[in-house]
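All letters in the sequence shown, in the order written, are residues 21 to 294 by the working numbering.
Worksheet: the structure to be examined is printed underneath.
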Amino acid sequence: MGALLALASAFCYGIVDFAGGLLSRRVPHTTVTFLGQVGGLLLAVAAALVLPADAVAASDLMWGALSGIGSATAMRHLNRGLSHGAMSVVVPVSAVTGVALSVLCGVLVLGDRPGPLAWAGIAVTGPALWWVSGGGARMGEGARDGLLASAGVAVQYVALGQADPVSGLWPVAAGRVAAVLVLLPGALRRPRPPRPPARQSLQALAVGAGAALGLVLYLLAAQRHLLAVAVVLASLYPALPVVLGLAVLDEHVSRRQASGLLGAALATVLLTVG
């Protein structure tokens, strides 16, 4: 069950990154990021109310807030990279380092002990995501934003995984509050851009709500699985924007990227079984 929840989280993030990347090319990425966190806050609070918690400790909310700071950092750099960089580069690069940092933290600090098949899946994931990104053939400013986003991804996943399961979904809601507060000064400090049409504002809110749903699914997966395995499965999301880019945007997928997609599929099987 935990593996399926993590894969569902990856699916949500893949859709969100594709939609958010397209929107960031039409609307200032700062607007997409801020409104996205507001949309995520609305969904997270609603979900936390629907699924009440047994008990919520201050430490759970603090872990959630730290996760939200990571989310804000990740989305700020990810949307900035997607606004001018290739989607098939920025998204996978953000995941590669994020996966590595999260897994290392889970194994070295938190005491996770994946089985042999899970270790094989973890070993396959890094190269697979790197190949999906083109193997560094087109590294540029967008890829640098992807690397900066990866640090936020790692903080987001590891911190949220520390919240006690009895706290329900309130750590996710606390994280959205923290993300909004972190992004608010920057949004107020910048010269106000032209207000986007209502339709695009609603799209940004929906993108953020989708990201929050992905995080909710990840939290439920982390409560049922080893953190290292849940992180790796949830981080397979870059394959989806590449596939959508091929199908919808008529982007070209190289042999190396195709090999990466096959590797991601193999990693999914190994991690699910292991």
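Note that CB positions come from ideal geometry on N, CA and C, so glycine has one too.
The model shown is predicted, which means the values in this text are computed figures rather than measured ones.
Boundaries of the alpha helix (DSSP H) harbouring A198: 190 to 209, taken from the DSSP string. With 16 or more other Cβ atoms inside 10 Å of its own Cβ, A231 counts as buried. Taking a C-beta distance under 9 Å as the contact criterion, L290 and A148 do not qualify as a contact pair.
The segment 177 to 185 makes contact with the segment 72 to 87; the number of CB pairs closer than 8 Å reaches 3 or more. Only residues of its own chain outside the window of five on either side were considered, and among them A224, V227, G228 have a CB closer than 6 Å to the CB of G56, listed in chain order. For L239, the uninterrupted alpha helix (DSSP H) segment begins and ends at 218 to 242. Cβ-Cβ separation between L189 and A64: approximately 7 Å, consistent with a contact (criterion under 8 Å). By the neighbour-count criterion, in which a residue is buried when 16 or more other Cβ atoms sit within 10 angstroms of its Cβ, M95 is buried.
For R275, the secondary structure class from DSSP, reduced to helix, strand or coil, is helix. DSSP places R96 within a helical segment (H, G or I) once states are collapsed to three.
When rounded, the separation of the alpha-carbon atoms in P258 and L167 is 14 Å.
In the three-state reduction of the DSSP assignment, S187 falls in the helix class.
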